[in-house]
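S.K.:
Numbering (the numbering used here), first residue to last: 4 to 508.
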């Protein structure tokens, strides 16, 4: 049976009368999500148009001229679902008499499953929710209606799917005293600040122009009216490259010194690849080994440490992009959502499942000298959290001041990509791995790849450990938390079982 047999049959065309007339729109009154995840909205038409049976609603797919109405509907329903979730963690799992199979997603959304997960699941969202425990601490919820709240449409014959209208102009029904959208507004008489509907899509579009073939980056906020995270004016999106500050040498003139392999299509043996000669990645018996397996997933058995990094095939190599030693340099194929978390600002998550060993992306920004990085640290304007030191080749005895000009850091404050929103966790699901492919290792300008250390379900927050050395110190002390809090460290908000209590940045 083909997929098309499950699609709804076409609806009869509506009679709109005069094609040049502008019909009055009252607003969105319902929504529906089909089995394929496609969303439609039930639009109520005001004065002037109705069917012979008296109904005046149609089902419309999202489009630009309905954006403001849909946004108002989404804000109102999100607030209602969140208020319900805050009142009680109880969740309905029964099947109603009117529940049709194709309405599953509509019902789940109406019952506020996502809002309950956001409020009551801490850490791994795969863990079960302690509903009974929450019920003891919170007041019991009132009896639920037999019809879904946010997902229900108006009653009557107008519930049947109607073919979407042709793109025509319309005007909204004026209202001198709009009804409040939330309980807070009803109590105070003050309306919430207008949502910045004109910022999200332009920013997504602007960033999309710089993705260079990578998967989309989108913004999601189900908590407040702030549509996009705060960014400095003229923030520059860099998907897979650096911008170099004054005093930072370019890698362009060094590319002629890149060692290259002459493999056909794909590299099979690291010992036969000339480009792998500088690599220190070896098996116990001294044979060279690639950093990735044939599925292009990272090999966690590698002895990565001080002075070791992943060396991928470069532009001078004869192998093509199918080579399993070309990974971080290729366009990112994991769609990313930048979303507002409950407790620690904006974060990042993947919309697809991510397998263990997957390189999700690379940290980008402005490449600066270590001296400049230390100067910016002292500014105290919050940018310290966005600066990563590229110290893979730096040892404890490498303190010669003459070398400071050849030590580099990357600053993602005013230039960067989605990775700048990745938050810290004492139990992270990613690790940072230095990778080079467009420069020689001796130049000390690697990229920092973010690699999944476990299978990550879709829409699970992506995290790294901002201070992995602190975890090693805690292990040596046989304690979850180091005995002393370093100067300048800040409180950790990850709330994981092994939380160290602070972050050293």
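The C-beta atom is built at its ideal place from N, Cα and C for all residues, glycine as well.
1. Going by C-alpha distance, which of 371, 75 and 352 is nearest residue 364?
2. Give the single residue among 337, 241 and 434 whose Cα lies nearest to the Cα of residue 413.
3. By DSSP, does residue 302 sit in helix, in strand, or in coil?
4. With a threshold of 7 Å (Cβ to nearest heavy atom), would residue 87 be considered close to the ligand GTP?
5. By the three-class DSSP mapping on this structure, what secondary structure does residue 107 have?
6. Give me the Cβ distance between residue 269 and residue 327, rounded to the nearest whole Å; I'm assuming they're in contact under 8 Å.
7. Is the segment 342 to 362 touching the segment 460 to 478, taking contact as three or more C-beta pairs under 8 Å?
8. Can you tell me whether DSSP reads residue 426 as helix, strand or coil?
9. Would you give the residue range spanned by the beta strand (DSSP E) that residue 47 belongs to?
10. Per the DSSP calculation, residue 349 is bridged to which residue(s)?
11. Nearest-angstrom Cα distance between residue 142 and residue 90?
12. Going by the CB atoms, is the gap between residue 292 and residue 444 shorter than 8 Å?
13. Do residue 360 and residue 284 have their beta-carbon atoms positioned less than 8 Å apart in this structure?
14. Cα separation between residue 3 and residue 112?
15. Kindly list the residues whose CB is nearer than 8 Å to the CB of residue 42, restricted to its own chain and excluding five residues on each side of it in sequence; keep chain order.
16. Distance, Cα to Cα, residue 70 vs residue 213?
17. Kindly indicate which three-state DSSP category residue 56 falls into: helix, strand or coil?
18. Report yes or no: do the segment 259 to 266 and the segment 414 to 434 share at least 3 C-beta pairs separated by less than 8 Å?
19. Where DSSP assigns a beta bridge to residue 362, which residues make up the other side?
20. Terminal residues of the continuous beta strand (DSSP E) containing residue 321?
21. Our contact map puts residue 221 next to residue 340 with C-beta atoms below 8 Å; I'd like the distance itself, whole angstroms only.
22. Whole angstroms are fine: how far does the CA of residue 370 sit from the CA of residue 438?
23. For residue 356, which of 260, 456, 446 and 381 has the nearest alpha-carbon?
24. Grab the span of the beta strand (DSSP E) containing residue 392 for me, first residue to last.
25. Pairing CB atoms from the segment 49 to 68 with CB atoms from the segment 76 to 89, are three or more of them under 8 Å?
26. Ends of the alpha helix (DSSP H) at residue 205?
27. Whole-angstrom Cβ separation of residue 427 and residue 495, contact assumed at under 8 Å?
28. Can you tell which of 458, 449 and 498 has its C-alpha closest to the C-alpha of residue 243?
29. How is residue 64 classed by DSSP in three states: helix, strand or coil?
30. Grouping DSSP H, G and I as helix and E and B as strand, with all else coil, what is residue 240?
31. Under 6 Å Cβ to Cβ from residue 470, same chain only, skipping five residues before and after it: list those, please.
32. Identify the continuous alpha helix (DSSP H) that holds residue 76 and give its terminal residues.
33. What is the residue span of the beta strand (DSSP E) that residue 434 lies within?
34. List the DSSP bridge partners of residue 414.
35. CB-CB under 6 Å to residue 177, same chain, minus the five flanking residues each way: which ones, in chain order?
M.R.: To lay it out plainly:
1. Your numbering for residue 364 matches position 361 in the chain shown. Nearest Cα to residue 364 within the set 371, 75 and 352: 352.
2. Taking the chain shown and counting its residues from 1, one reaches residue 413 at position 410. Of the listed residues, the one whose Cα sits closest to residue 413 is 241.
3. Within the chain shown, numbered from 1, the residue matching residue 302 stands at position 299. DSSP, read as helix, strand or coil, puts residue 302 in coil.
4. Among the components of this structure there are no ligands whatsoever, and the ligand GTP is therefore not found.
5. Within the chain shown, residue 107 is the residue found at index 104, counting from 1. Helix.
6. Start at 1 with the first residue of the chain shown, and residue 269 comes out as number 266. Start at 1 with the first residue of the chain shown, and residue 327 comes out as number 324. The beta-carbon separation of residue 269 and residue 327, rounded to 7 Å, stays under the 8 Å limit for a contact.
7. Taking a cut-off of 8 Å on C-beta distances, the segment 342 to 362 touches the segment 460 to 478, as three or more cross pairs fall below it.
8. Counted from its first residue, the chain shown places residue 426 at position 423. Residue 426 sits in a strand when the DSSP states are folded into three classes.
9. Residue mapping note: residue 47 aligns to position 44 of the chain shown, counting from 1. Per DSSP, the unbroken beta strand (DSSP E) holding residue 47 starts and ends at 42 to 48.
10. In the chain shown, counting from the first residue as 1, residue 349 sits at position 346. According to DSSP, which records beta bridges pairwise, residue 349 is partnered with 343.
11. As a working mapping, residue 142 is identified with position 139 in the chain shown. As a working mapping, residue 90 is identified with position 87 in the chain shown. Reliability fails at residue 142, whose pLDDT of 45 lies under 50, so the model's placement of it is uncertain and the value that follows must be treated cautiously. Going by the C-alpha atoms only, they are around 7 Å apart.
12. Counted from its first residue, the chain shown places residue 444 at position 441. Counted from its first residue, the chain shown places residue 292 at position 289. Not a contact, by the Cβ cut-off of 8 Å.
13. Your numbering for residue 284 matches position 281 in the chain shown. Your numbering for residue 360 matches position 357 in the chain shown. Inclusion of residue 284 and residue 360 in the CB contact set at 8 Å is not warranted, their separation being larger than that value.
14. In the structure as shown, the chain starts at 4 and stops at 508, and residue 3 therefore has no counterpart that could be examined.
15. Residue 42 sits at position 39 when you count from the first residue of the chain shown. For residue 42, where only same-chain residues beyond five positions count, the Cβ hits under 8 Å are 34, 35, 36, 64 and 65.
16. Here residue 70 corresponds to residue number 67 of the chain shown, with the count starting at 1. Here residue 213 corresponds to residue number 210 of the chain shown, with the count starting at 1. Going by the C-alpha atoms only, they are around 25 Å apart.
17. Along the chain shown, one-based indexing puts residue 56 at 53. When DSSP states are grouped into helix, strand and coil, residue 56 belongs to the coil group.
18. At 8 Å Cβ cutoff, the stretches do not touch.
19. To locate residue 362, count along the chain shown from 1; it is residue 359. DSSP, once it has assigned bridges, lists 454 as partnering residue 362.
20. Taking the chain shown and counting its residues from 1, one reaches residue 321 at position 318. Unbroken run through residue 321: none, as it is neither H nor E.
21. Position 218 of the chain shown, counted from the first residue, corresponds to residue 221. Position 337 of the chain shown, counted from the first residue, corresponds to residue 340. Right, the Cβ-Cβ distance comes to about 5 Å (below 8 Å), so this counts as a contact.
22. Residue numbering aside, residue 438 sits at position 435 when the chain shown is read from its first letter. Residue numbering aside, residue 370 sits at position 367 when the chain shown is read from its first letter. The straight-line gap from Cα to Cα measures roughly 15 Å.
23. Numbered from its first residue, the chain shown carries residue 356 at position 353. Checking every option, the nearest Cα to that of residue 356 belongs to 456.
24. Here the question's residue 392 lines up with position 389 in the chain shown. Residues 390 to 393.
25. Taking a cut-off of 8 Å for Cβ pairs, the segment 49 to 68 and the segment 76 to 89 do not touch, as fewer than three such pairs fall below it.
26. For the purposes of this step, residue 205 is taken as the residue at position 202 of the chain shown. That run of the alpha helix (DSSP H) goes 203 to 211.
27. Reading the chain shown from its first residue, position 424 is the one you call residue 427. Reading the chain shown from its first residue, position 492 is the one you call residue 495. Between residue 495 and residue 427 the Cβ distance is about 7 Å, and since that is below 8 Å, they are a contact.
28. Position 240 of the chain shown, counted from the first residue, corresponds to residue 243. Sorting 458, 449 and 498 by C-alpha distance to the C-alpha of residue 243 places 449 at the top.
29. Indexing the chain shown from 1 puts residue 64 at position 61. Note: residue 64 maps to coil in three-state DSSP.
30. Locating residue 240 in the chain shown gives position 237, where the first residue counts as 1. Residue state, collapsed to three classes: strand.
31. Start at 1 with the first residue of the chain shown, and residue 470 comes out as number 467. Hits under 6 Å: 507.
32. For this step, residue 76 is matched to residue 73 along the chain shown. Unbroken alpha helix (DSSP H) run through residue 76: 70 to 90.
33. The residue you call residue 434 lines up with position 431 of the chain shown. It spans 433 to 439 - the beta strand (DSSP E) in which residue 434 sits, taken as one unbroken run.
34. To locate residue 414, count along the chain shown from 1; it is residue 411. Partner(s): 369 and 390.
35. By one-based count along the chain shown, residue 177 stands at place 174. Low local confidence applies: a pLDDT of 39 at residue 177 is under 50, so the model's placement there is unreliable, with the coordinate-based value given in what follows. Excluding residues within five positions, none has a Cβ falling inside 6 Å.
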